[in-house]
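Undergrad:
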Amino acid sequence: MYRDILDENLLQSALDLRLGRWFIFQQDNDPKHTAKISKEWLQDNSVNVLEWPSQSPDLNPIEHLRRDLKMAVHRRFPSNLMELERCCKEEWAKLAKDRCAKFVASYSKRLEAVIAAKGASTKYCAKAVNTYVHGIFIFNKFAKTSSKLFSRCHYGVLCVEF
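What follows is the structure in structure tokens.
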């Protein structure tokens, strides 16, 4: 399934975002990301993958934005897939651009904090732990899979859990 998501979205997203072929793909170490079939797909498609330490939500600035999104959508109580998609798009559009920039700008401080903590949790992790995350995303369209709702998206998958 993850391979299908990559196949249907990753390269097209890179084109849509005008990244060219030399972008670096970031994902965490979830088993589906490190599975042989996923690694083979990335290698076969010449995708450069950023090495990422396990269990490190404090390093990824987008974790906080995902938490913000999850909380905002949860407050609206979407009752079906169409409502969920609409709520997610509306709430994502409301996220302040300066908040995004702040998290990106804090990246070097995050790295320094992880080094100082010798790999242990940092203050940056506190708000990020309540999200379920796979890669970097930009909403496109949702697909229902078993009991979870996944977005088809640029750069990976976001699982919205309620």
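Numbering (UniProt numbering), first residue to last: 1 to 162.
Idealized CB from N, CA, C, for every residue including glycine.
Since we're looking at a predicted model, the values are computed, not measured.
1. What is the residue span of the alpha helix (DSSP H) that alanine 14 lies within?
2. Is it buried or exposed for lysine 36, if we count other Cβ within 10 angstroms and need 16 for buried?
3. Assuming tyrosine 107 contacts proline 53 under a Cβ cut-off of 8 Å, what Cβ separation, rounded to an integer in Å, is found between them?
4. If distances are taken between C-alpha atoms only, which option among Gln26, Arg99, Ile5 comes closest to leucine 59?
5. Need the endpoints of the alpha helix (DSSP H) that valine 73 sits in, please.
6. Following the continuous alpha helix (DSSP H) through aspartate 44, name the residue where it begins and the one where it ends.
7. In three-state DSSP terms, what is valine 49?
8. Excluding the 5 residues flanking leucine 15 on each side, which residues of the same chain have their C-beta closer than 6 Å to its C-beta?
9. Determine the direct distance from the alpha carbon of alanine 96 to that of aspartate 44, and round the result to whole angstroms.
10. Around the Cβ of isoleucine 5, are there at least 16 other Cβ atoms within 10 angstroms (buried) or fewer (exposed)?
11. Do cysteine 87 and arginine 99 have their beta-carbon atoms positioned less than 7 Å apart in this structure?
TA: In this structure, then:
1. 2 to 16
2. exposed
3. In fact, because the Cβ distance is near 14 Å, the residues do not count as touching under 8 Å.
4. Gln26
5. Where valine 73 is concerned, the enclosing alpha helix (DSSP H) stretches over 62 to 76.
6. 36 to 44
7. strand
8. none
9. 37 Å
10. Under this definition isoleucine 5 is a buried residue.
11. no
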